[in-house]
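Trainee: Residue numbers (our numbering): 17 to 144.
(1) If I'm right that residue 136 touches residue 122 with Cβ under 8 Å, what's the distance once you round it to whole angstroms?
(2) Run through DSSP, which three-state label would residue 98 get?
(3) Would you kindly report the start and end of the unbroken alpha helix (DSSP H) that includes residue 106?
(4) Taking the alpha-carbon positions, what's the residue 131 to residue 125 distance?
(5) What residue does the alpha helix (DSSP H) around residue 20 start on, and which one ends it?
(6) Look at the alpha carbon of residue 69 and the alpha carbon of residue 78, and state the distance between them as a whole number of angstroms.
(7) Checking 8 Å against the spacing of the C-beta atoms, do residue 48 and residue 56 come in under that value?
Structure (structure tokens):
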């Protein structure tokens, strides 16, 4: 005996029909999915209104962003590069570098006051 029996053929046909129906049921209609209404907090509601396409404030923020990007890339960065080059490669003494005062030893004359530095006191109990 070869092939399926009548009962087996009927069972396979019913299984195929069930699978087709199950696959058809998985497709969503236009009314699905049914979601609860969105409730936004005050901050989320503000950003929802603020970021709507074509809104006035969104346009103003974009213009400010473009302007600041232009100023940063076309003015500030080149100015920093030029200033760095001038400060560390062209100028003899870098801007902001403080020159130290000359050392003063005992017996030297202070130029501003004309005073002579007294000699250091020698303390006999300290030794090196």
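Quick reminder that beta carbons are idealized off the backbone N, C-alpha and C, glycines included.
Remember, it's a predicted structure, so these values are computed and weren't measured experimentally.
Mentor: Checking against the coordinates, here is how it stands:
(1) Against the chain shown, residue 136 aligns to sequence position 120. Against the chain shown, residue 122 aligns to sequence position 106. Yes, they are in contact, since the Cβ atoms of residue 136 and residue 122 sit about 6 Å apart, within 8 Å.
(2) For the purposes of this step, residue 98 is identified with residue 82 of the chain shown, where counting begins at 1. Note: residue 98 maps to helix in three-state DSSP.
(3) For this step, residue 106 is matched to residue 90 along the chain shown. Per DSSP, residue 106 belongs to no alpha helix (DSSP H) and is neither H nor E.
(4) Here residue 131 corresponds to residue number 115 of the chain shown, with the count starting at 1. Here residue 125 corresponds to residue number 109 of the chain shown, with the count starting at 1. Those two C-alpha atoms are separated by around 6 Å.
(5) Residue 20 sits at position 4 when you count from the first residue of the chain shown. Note, residue 20: premise wrong, no alpha helix (DSSP H); not H, not E.
(6) Numbered from 1 along the chain shown, position 53 holds the residue referred to as residue 69. Numbered from 1 along the chain shown, position 62 holds the residue referred to as residue 78. Distance from the CA of residue 69 to the CA of residue 78, rounded to the nearest whole angstrom, comes to 12 Å.
(7) Taking the chain shown and counting its residues from 1, one reaches residue 48 at position 32. Taking the chain shown and counting its residues from 1, one reaches residue 56 at position 40. Not closer than 8 Å, so no.
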